[in-house]
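Quick note on our numbering: the sequence shown kicks off at 533 and runs consecutively.
A short write-up of the structure that comes next.
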Amino acid sequence: MVKLDELPVELQQMIATCGVLGTADICALTYVNKRLHHTINYSLYKSFGNAPYILGWALNHGRADTLAVAAAIGVDIHYNSDELLRDACHRGRLEVVNWLLEHDAQIDAETHQGFSVTPLSALHVAITCSREDIAILLLERGANPYFATPSRYRKSGFILSTAIHLAASLNLLRLTEFIVKEELLSVDQEDDERRRPLDMSCSSYNERGAAMIKKLGELGANVDLGHSDSLLVGELCLRQYETANALLDIGVKPNNQYRGGQRPLHACVTGARDESQDTVCSMLSRLVEAGADINGYVYLGRTALGEAVGRETPPVVAAHLLTLGADVNAKDWNGRTAVDIFMMNSGPIIAQSGIEKLELLVKAGARMDTPSNTGRTILEWAVYDIHRDPAPDYFRLGSKTKPVVDDALEALLALATPENLRKGYLDDLLNQAFLSSHYGKCDILIKHGATLSPENAMIMAFRRMHISKNSVFTP
């Protein structure tokens, strides 16, 4: 009997396609020897295979050789335009992409005014899937780096962007470097919203954003163009300190006035939280070292120290600004000092941290006998504007490691020095407090050396006699 592999090719193909054998059996025949492999394989491709199945299998397994066989047998590799190429880019099949490009795959299936329409752009697919090797290969083969994304919200019907913007937003360092060094696009290329790659790298919010910013700086990004300074403000407001440091590293200036009333120092202060106060202090130091004006104020707003005092930020932030050289008497746009701001917003500030911030200002040289914008001095505020005596719990000073002080006036007088309190002022304040019947405060002032006028001293003596008499003889 004649063996199967000795039969004529025509008979072998008839056996493979007669319908008696299943697909698995026919596939098994291809492993018998080379002669059957070539004969039966041809029948499989022509009779049991179809383009979607064959190409899909080759794509799933990354088999460019299967595509070569299919093409040799006559399967239409490009039956669905460039869909196979885009699928290969999506799956990261570099060998398949390379084979398709060598066999006339269409890279940009549709264009709009010279821009590649993104749903049909293989390059756009490769970049969005972070396939840098494939994206570089496509660019080398002439892929269009300009993208047009359909949008019903645009008058033109499209959002226009570029490969370098997308690469920067996804922090694809090698691809970005390739695009710039091959002069495909400028490192300062603008999209239709006038955003540059540097803007996109600051919008990525991931751990590689700082690396992309530094890479763009190395590639020559112009930090004086557009709104580079406001990028620094944005990163600080969002507490993205690593990317903020990267912006400073590439030369972004930290001392400009911004539309909308923010400066980097102020943005850093407003972003402070208890859990991040050490990081905030380090960032403040970095900004000052880079040239930020520590006493500058924002348009219609405060100085950085005023922000730290007026907001519910940790007191350590205000303390750090003072160590960096902030002037306790510096005035903001409205002519207010940090002391003015504290006294005007004392309720929520005291509820958060007592008068610790005011203590810091006094220690730094704020005078306690000079009227503020509120019309009162610091000590007058302590006498008249804190109505309870002793002060309630949320007026208390200190932390777990510091003794609790129950009275704001007592605490402030403990800080009095000849430099911040003129001689004789306590006497004047004592007489005012006495005439306004703040007797509890009077006792504190007397304890610290204040003396009443003779007339008021006599009234005080009679008052004490009256109190003593009433305490002995009860009705």
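Yeah, the Cβ is synthetic: ideal placement off N, Cα and C, and Gly gets one too.
Pick helix, strand or coil for residue i, following the three-state DSSP scheme.
{"i": "I826", "result": "coil"}
{"i": "I691", "result": "strand"}
{"i": "S683", "result": "coil"}
{"i": "S648", "result": "strand"}
{"i": "T549", "result": "helix"}
{"i": "Y678", "result": "strand"}
{"i": "M732", "result": "helix"}
{"i": "D959", "result": "helix"}
{"i": "G752", "result": "coil"}
{"i": "G972", "result": "helix"}
{"i": "M900", "result": "coil"}
{"i": "V719", "result": "coil"}
{"i": "K863", "result": "coil"}
{"i": "Q884", "result": "helix"}
{"i": "L704", "result": "coil"}
{"i": "Q772", "result": "coil"}
{"i": "G879", "result": "helix"}
{"i": "K566", "result": "helix"}
{"i": "T811", "result": "helix"}
{"i": "K979", "result": "helix"}
{"i": "P950", "result": "coil"}
{"i": "A699", "result": "helix"}
{"i": "Y926", "result": "Residue confidence for Y926 is low, a pLDDT of 42 falling below 50, so the modelled location carries little weight; the figure read from the coordinates is stated next. Reduced to three states, the DSSP call for Y926 is helix."}
{"i": "C621", "result": "helix"}
{"i": "R920", "result": "Any reading at R920 is ruled out, since the residue's pLDDT is 43, under 50, leaving its predicted position unreliable."}
{"i": "S985", "result": "coil"}
{"i": "K746", "result": "helix"}
{"i": "N787", "result": "coil"}
{"i": "C661", "result": "coil"}
Applying the 10 Å Cβ sphere with the 16-neighbour rule, what's the burial state of residue i?
{"i": "Q645", "result": "exposed"}
{"i": "A604", "result": "exposed"}
{"i": "Y773", "result": "buried"}
{"i": "V936", "result": "Residue placement at V936 cannot be trusted, given a pLDDT of 37 that sits under 50; the coordinates are not used to answer."}
{"i": "C813", "result": "buried"}
{"i": "P924", "result": "The pLDDT assigned to P924 is 42, lower than 50, so where the model puts this residue is not dependable; a value taken from the coordinates is nonetheless given after this. The residue is exposed, with fewer than 16 neighbouring Cβ atoms inside 10 Å."}
{"i": "D614", "result": "buried"}
{"i": "A548", "result": "buried"}
{"i": "M875", "result": "buried"}
{"i": "M900", "result": "buried"}
{"i": "H635", "result": "exposed"}
{"i": "K973", "result": "buried"}
{"i": "M744", "result": "buried"}
{"i": "A946", "result": "exposed"}
{"i": "K535", "result": "exposed"}
{"i": "K889", "result": "buried"}
{"i": "R726", "result": "exposed"}
{"i": "H569", "result": "exposed"}
{"i": "S515", "result": "Only positions 533 to 1007 of the chain appear in this structure, which leaves residue 515 out of reach."}
{"i": "L543", "result": "exposed"}
{"i": "R795", "result": "buried"}
{"i": "S733", "result": "buried"}
{"i": "V755", "result": "buried"}
{"i": "R684", "result": "exposed"}
{"i": "N676", "result": "buried"}
{"i": "T949", "result": "exposed"}
{"i": "R686", "result": "exposed"}
Whole-angstrom Cβ separation of residue i and residue j, contact assumed at under 8 Å?
{"i": "L730", "j": "A753", "result": "5 Å"}
{"i": "T747", "j": "D781", "result": "First, the residue type needs correcting, since residue 747 is Lys and not Thr in the sequence shown. Between D781 and K747 the Cβ distance is about 11 Å, and since that is not below 8 Å, they are no contact."}
{"i": "H610", "j": "A637", "result": "7 Å"}
{"i": "L977", "j": "L958", "result": "6 Å"}
{"i": "A620", "j": "L655", "result": "Between L655 and A620 the Cβ distance is about 13 Å, and since that is not below 8 Å, they are no contact."}
{"i": "L626", "j": "L616", "result": "Incorrect: roughly 14 Å between the Cβ atoms, too far for contact."}
{"i": "H798", "j": "V841", "result": "At roughly 12 Å, the Cβ-Cβ gap does not stay under 8 Å, so H798 and V841 are not in contact."}
{"i": "S808", "j": "R771", "result": "6 Å"}
With DSSP as the reference, identify every bridge partner of residue i, one or two as the case may be.
{"i": "F874", "result": "Answer by DSSP bridge pairing: none, since F874 is not bridged."}
{"i": "D640", "result": "S653"}
{"i": "T835", "result": "Y829"}
Relative to the ligand ADP, is the shortest distance from any of its heavy atoms to the C-beta of residue i smaller than 7 Å?
{"i": "Y611", "result": "As far as ligands go, the structure on display features none, and thus does not contain the ligand ADP."}
* To do: Report yes or no: do the segment 828-839 and the segment 867-886 share at least 3 C-beta pairs separated by less than 8 Å?
  => yes
* To do: Answer yes if the segment 839-854 comes into contact with the segment 900-919, meaning at least three C-beta pairs across the two stretches below 8 Å, and no otherwise.
  => No contact exists between the segment 900-919 and the segment 839-854.
* Per the contact definition of three or more C-beta pairs closer than 8 Å, is the segment 586-593 in contact with the segment 553-573? -> no
* Validate contact between the segment 675-685 and the segment 643-658 using beta carbons, cut 8 Å, 3 pairs -> yes
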